[in-house]
Amino acid sequence: MPLPDWGRGIFLKVLTLALRKGIDYPKSHHKKLLNEKARISRLISNVERTIAQKEGRGSMKDTEKFEGFKKSLVDENEKKYGTEIRAKYGNETVDKSNKRFMDMTEEQFAEFTKIGEQVNELLKEACKSGDPAGELGWKVADLHRQWLGFTWPEYSREAHAGFAHMYVQDERFREYYDKICPGAAEFLKEAILNYTGMNK
1066 MPLPDWGRGI
1076 FLKVLTLALR
1086 KGIDYPKSHH
1096 KKLLNEKARI
1106 SRLISNVERT
1116 IAQKEGRGSM
1126 KDTEKFEGFK
1136 KSLVDENEKK
1146 YGTEIRAKYG
1156 NETVDKSNKR
1166 FMDMTEEQFA
1176 EFTKIGEQVN
1186 ELLKEACKSG
1196 DPAGELGWKV
1206 ADLHRQWLGF
1216 TWPEYSREAH
1226 AGFAHMYVQD
1236 ERFREYYDKI
1246 CPGAAEFLKE
1256 AILNYTGMNK
């Protein structure tokens, strides 16, 4: 039985989309493989410089060590969370975030680290208040926003609230925050939802 005209149009659109996806997959896979190749080349280069330095054949500049250190953090994060965050936020957003991280100067990285530590210290204190909507809850959520700003290409309340939910739903994050103080992940989630106005 032949398809009606409108049915053929829909069928052709679906077929076109499927074919495009089929064409795009090898391209995206190729891009991932090239990125992995570049990552491995950088790691090999860093290891070779380290070996040469240890054998007295050369010295690794502090900037090279710092770049290698940042790259190892990005690689570790990709290994642990890459599949999930890329599925949730898209390759482009994650790549931009990784680039912002890699482009950090030592001073920016020190500030990023300092603010991350302040988030945890203030979270510990704020948990004792038991009031995520209170002044300390607001401050910890604002510090958390500042911390995210170092790596996020652009801030959105919705994405910030999404992270807050992830901190409670993902056992790895919940465990990390709950080590700071029991119930800290839930407290931080509520504080961020209040801060972003997404608690309604």
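Our numbering applies: residue 1066 is where the sequence shown begins, and numbers increase by one. Idealized CB from N, CA, C, for every residue including glycine. From a predicted model like this one, the values you see are computed outputs, not experimental measurements.
Whole alpha helix (DSSP H) elements within the region 1175 to 1241, 4-residue minimum: Complete alpha helix (DSSP H) runs here, min 4: 1200 to 1214, 1222 to 1234.
Proximity of residue 1193 and residue 1167 at Cβ, strictly below 8 Å: Here residue 1193 is taken as the residue at index 128 of the sequence shown, counted from 1. Here residue 1167 is taken as the residue at index 102 of the sequence shown, counted from 1. Cβ distance not < 8 Å, so residue 1193 and residue 1167 don't count as in contact.
Environment of residue 1119 [buried if 16+ CB atoms lie within 10 Å]: Counting from one through the sequence shown, the residue named residue 1119 turns up at place 54. Answer is exposed; the Cβ neighbour count stays below 16.
Local conformation of residue 1170 per DSSP, three classes: Locating residue 1170 in the sequence shown gives position 105, where the first residue counts as 1. Note: residue 1170 maps to coil in three-state DSSP.
Reduced DSSP category for residue 1147 - H, G, I as helix; E, B as strand; rest coil: Position 82 of the sequence shown, counting from 1, holds the residue named residue 1147. Residue state, collapsed to three classes: helix.
Check whether residue 1205 and residue 1233 have beta carbons under 8 Å apart: Within the sequence shown, numbered from 1, the residue matching residue 1205 stands at position 140. Within the sequence shown, numbered from 1, the residue matching residue 1233 stands at position 168. No, these two residues do not count as a Cβ contact at 8 Å.
Validate contact between the region 1203 to 1219 and the region 1239 to 1246 using beta carbons, cut 8 Å, 3 pairs: no
Chain-order list of residues whose beta-carbon lies under 8 Å from that of residue 1138 (same chain, five-residue window excluded): In the sequence shown, residue 1138 corresponds to position 73, counting from 1. If we look at residue 1138 and ignore the five residues flanking it on each side, its Cβ neighbours are 1166.
6 Å CB neighbourhood of residue 1261 in its chain, flanking five on each side removed: Sequence index remark: in the sequence shown, residue 1261 carries index 196 (1-based). If we look at residue 1261 and ignore the five residues flanking it on each side, its Cβ neighbours are 1222, 1225, 1226.
Limits of the alpha helix (DSSP H) - the one that residue 1264 falls within: One-based indexing of the sequence shown puts residue 1264 at position 199. Taken as a continuous stretch (DSSP letters only), residue 1264 belongs to no alpha helix (DSSP H), as it is neither H nor E.
Residue 1247 classed as buried or exposed, judged by whether at least 16 other C-beta atoms fall within 10 angstroms: Locating residue 1247 in the sequence shown gives position 182, counting from the first residue. It is exposed - the Cβ of residue 1247 has fewer than 16 other Cβ atoms within 10 Å.
8 Å Cβ shell around residue 1158 - same chain, five flanking residues per side excluded: Numbered from its first residue, the sequence shown carries residue 1158 at position 93. 1218.
Inter-residue spacing [alpha-carbon to alpha-carbon] between residue 1199 and residue 1163: Taking the sequence shown and counting its residues from 1, one reaches residue 1199 at position 134. Taking the sequence shown and counting its residues from 1, one reaches residue 1163 at position 98. Distance between the alpha carbons of residue 1199 and residue 1163: 33 Å.
8 Å Cβ cutoff met for residue 1228 and residue 1191: Residue numbering aside, residue 1228 sits at position 163 when the sequence shown is read from its first letter. Residue numbering aside, residue 1191 sits at position 126 when the sequence shown is read from its first letter. No.
Three-state secondary structure assigned by DSSP to residue 1248: To locate residue 1248, count along the sequence shown from 1; it is residue 183. Correct three-state label for residue 1248: coil.
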